[in-house]
Amino acid sequence: MNSRIIYPNDDGGVSVIVPAPECGLTIEQIAAKDVPAGKPYQIVDVADIPSDRTFRNAWEYAE
Amino acid sequence: MPLSRITAASIADGTVVAADIADGAVTGPKLGATSINANNIVAEQITGNLLAATTITGDKVALVSLSGNVIVANTITTNLFSSTIYASNSDIMGISANANTFGNTIIIVAGNTSSISVGDIVSGANVFPDTTVLSFNSPPSNRSNITVSKALAGSNTNTAVQFYSSRKILSPGIAGPGLCKAWVNFNGTGAVQIRAAYNVSSITDHGTGSYSLNFTTAMADADYAPTAMSGPAPNNDGCCISFNDATTGGSLGTGTNPTTSALRIAVFRTSDITKFDVPRLCVAIFR
Numbered sequence: 000m001n002s003r004i005i006y007p008n009d010d011g012g013v014s015v016i017v018p019a020p021e022c023g024l025t026i027e028q029i030a031a032k033d034v035p036a037g038k039p040y041q042i043v044d045v046a047d048i049p050s051d052r053t054f055r056n057a058w059e060y061a062e
Numbered sequence: 000m001p002l003s004r005i006t007a008a009s010i011a012d013g014t015v016v017a018a019d020i021a022d023g024a025v026t027g028p029k030l031g032a033t034s035i036n037a038n039n040i041v042a043e044q045i046t047g048n049l050l051a052a053t054t055i056t057g058d059k060v061a062l063v064s065l066s067g068n069v070i071v072a073n074t075i076t077t078n079l080f081s082s083t084i085y086a087s088n089s090d091i092m093g094i095s096a097n098a099n100t101f102g103n104t105i106i107i108v109a110g111n112t113s114s115i116s117v118g119d120i121v122s123g124a125n126v127f128p129d130t131t132v133l134s135f136n137s138p139p140s141n142r143s144n145i146t147v148s149k150a151l152a153g154s155n156t157n158t159a160v161q162f163y164s165s166r167k168i169l170s171p172g173i174a175g176p177g178l179c180k181a182w183v184n185f186n187g188t189g190a191v192q193i194r195a196a197y198n199v200s201s202i203t204d205h206g207t208g209s210y211s212l213n214f215t216t217a218m219a220d221a222d223y224a225p226t227a228m229s230g231p232a233p234n235n236d237g238c239c240i241s242f243n244d245a246t247t248g249g250s251l252g253t254g255t256n257p258t259t260s261a262l263r264i265a266v267f268r269t270s271d272i273t274k275f276d277v278p279r280l281c282v283a284i285f286r
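Quick note, the sequences are listed as chains P and A, same order. For the first sequence, position 23 matches number 22 in numbering that gives the first Met the number 0, and the numbering has no gaps at all. For the second sequence, position 253 matches number 252 in numbering that gives the first Met the number 0, and the numbering has no gaps at all.
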């Protein structure tokens with residue numbers, strides 16, 4: 000699955016949900032189940048997530 | 000009258016007995032019924048696709064021998080099989096003994112082996128998978144001198160061996176509590192990616208060394224037991240995995256308590272208790 004789900008976390012950063020391959024759920028079903036209730040979220044392409052994690056805790060969620 | 004015209008109501012009890020039906024006189028499917036009640040089928044031998052039913056309840060089939068696709072049913076209820084063929088907890092644990100082992104021979108030196116049977120699966124040091132009990136040697140009655148189906152990889156003295164029945168049905172109710180309920184193997188570096196998983200719909204990357212496992216099917220409660228392994232840590236450092244719950248605190252920060260649907264964990268170096276990203280993180284959940 001080449002999609003990721005991002006949402007703002009309680010530490011002021013951004014959490015990234017990585018779907019399991021062949022888990023039997025769609026990305027929308029995973030978002031409905033695994034994003035904390037009340038949090039805004041976006042479904043993005045994996046290429047939109049930086050692979051350089053040097054400043055991982057400084058990532059911010061943009062609407 | 001064609002056989003298809005005969006109905007149960009037109010056959011009085013005892014009117015038709017096996018001797019009246021010549022071999023091969025009836026061809027094609029022999030019995031098709033939506034429901035079978037009472038002791039309607041009693042046979043010494045059934046072969047081929049002779050019984051197809053939507054529902055079978057009660058003690059309907061008593062047979063000496065079955066072969067082929069004899070019973071095909073959507074629903075089977077009520078003691079269709081004898082309870083003695085289901086594995087018990089002790090069957091799951093197996094029979095443990097100490098033995099001298101060499102060649103195809105196991106000589107029991109300690110342990111109660113009275114329940115060992117021909118066909119039992121054997122495990123232990125130098126025992127190959129799928130090795131079974133072939134026979135009991137002299138005297139067969141005490142079952143302490145055993146020939147197994149595969150030559151052992153080496154000899155051992157007074158080593159632990161286990162015997163497990165190969166003729167019991169494993170019921171989910173017995174095996175369930177001992178089974179792994181969820182597991183995942185993922186890469187926490189670069190573009191974080193799950194390599195393989197079972198009952199894990201996703202992981203959540205919260206930040207450096209901070210992840211949640213999200214279960215596809217929720218656990219019964221939050222009292223499950225996670226076990227985990229990760230690595231490698233850079234510079235030959237140590238690597239630890241911890242719950243990252245609401246009271247963790249310190250340099251690991253506070254996270255979320257385990258729930259039925261998710262488990263939050265932190266990965267940190269032992270040298271300075273600092274979270275870091277790890278290339279291989281594996282977690283399994285038992286409940």
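Ideal Cβ placement from N, Cα and C applies to all residues, glycine included.
- When Cβ pairs closer than 8 angstroms are counted between the two stretches, the region 25-35 of chain P is seen not to touch the region 169-188 of chain A, the count staying below three.
- Taking 7 angstroms as the upper bound on Cβ-Cβ separation, chain A lies near residues Lys32, Asp33, Val45 and Ile48 of the region 31-48 of chain P.
- For P/Lys32, the enclosing alpha helix (DSSP H) starts and ends at Ile26 to Asp33.
- Secondary structure of A/Ser229 (DSSP, three-state): strand.
- By the C-beta density criterion, A/Asn234 is exposed, having fewer than 16 other C-beta atoms within 10 angstroms.
- The way I'd put it, the region 184-195 of chain A doesn't touch the region 158-167 of chain A; fewer than three beta-carbon pairs between them come closer than 8 angstroms.
- Under DSSP, the beta-bridge partners assigned to A/Val132 are A/Val147.
- Here A/Gly118 has Thr131, Val132, Ser165 and Arg166 as same chain residues with Cβ atoms under 7 angstroms from its own Cβ, once five neighbours each way along the sequence are excluded.
- Along the region 189-205 of chain A, going in chain order, the ones with a CB nearer than 7 angstroms to a CB of chain P are Gly189, Ala190, Val191, Gln192, Ile193, Ala196, Val199, Ser200, Ser201, Ile202, Thr203, Asp204 and His205.
- DSSP places P/Pro18 in the uninterrupted beta strand (DSSP E) bounded by Val13 to Pro18.
- At least 9 angstroms separates the beta-carbon of A/Tyr210 from that of A/Thr216.
- Residue range Pro171 to Ala174 is occupied by the alpha helix (DSSP H) that includes A/Gly172, with no beta strand (DSSP E) assigned at that position.
- A/Ala190 is bridged by DSSP to nothing; it lacks a bridge partner.
- For the 9 angstroms CB-CB criterion, P/Val43 and P/Ser14 do not form a contact.
- Following the DSSP letters along the chain, one finds A/Ser89 inside the alpha helix (DSSP H) bounded by residues Asn88 to Met92.
- Contact annotation: in the region 208-237 of chain A, residues whose CB is within less than 7 angstroms of a CB in chain P are Asn213 and Thr215.
- Its chain contains Val199, Ser200, Ser201, Ile202, Thr203, Ser260 and Ala261 as the residues whose beta carbon lies nearer than 8 angstroms to that of A/Asn213, once the 5 sequence neighbours on both sides are disregarded; these appear in chain order.
- At a C-beta separation below 9 angstroms, A/Asp276 has these neighbours in chain P: Arg52 and Arg55.
- Excluding the 5 residues flanking it on each side, A/Ala245 has same chain C-beta neighbours closer than 6 angstroms at Thr253 and Asn256, in chain order.
- By the neighbour-count definition (other C-beta atoms within 10 Å, threshold 16), A/Asp276 is a buried residue.
- In this structure, the beta-carbon distance from P/Ile4 to P/Ile26 falls below 9 angstroms.
- If you check the CB distance, A/Pro278 and A/Asn186 come in under 9 angstroms.
- Within 9 angstroms of the CB of P/Gly12, the CB atoms of chain A belong to His205 and Gly206, in sequence order along the chain.
- One finds nothing in chain A with a Cβ atom closer than 8 angstroms to the Cβ of P/Ala61; even the nearest lies about 17 angstroms away.
- The three-state reading of DSSP puts A/Pro139 in helix, counting H, G and I together.
- The closest CA to that of A/Gly102, considering only A/Ser148, A/Pro138 and A/Val108, is found on A/Ser148.
- Within chain A, no residue has its beta carbon less than 8 angstroms from that of P/Pro7; the closest one is some 11 angstroms off.
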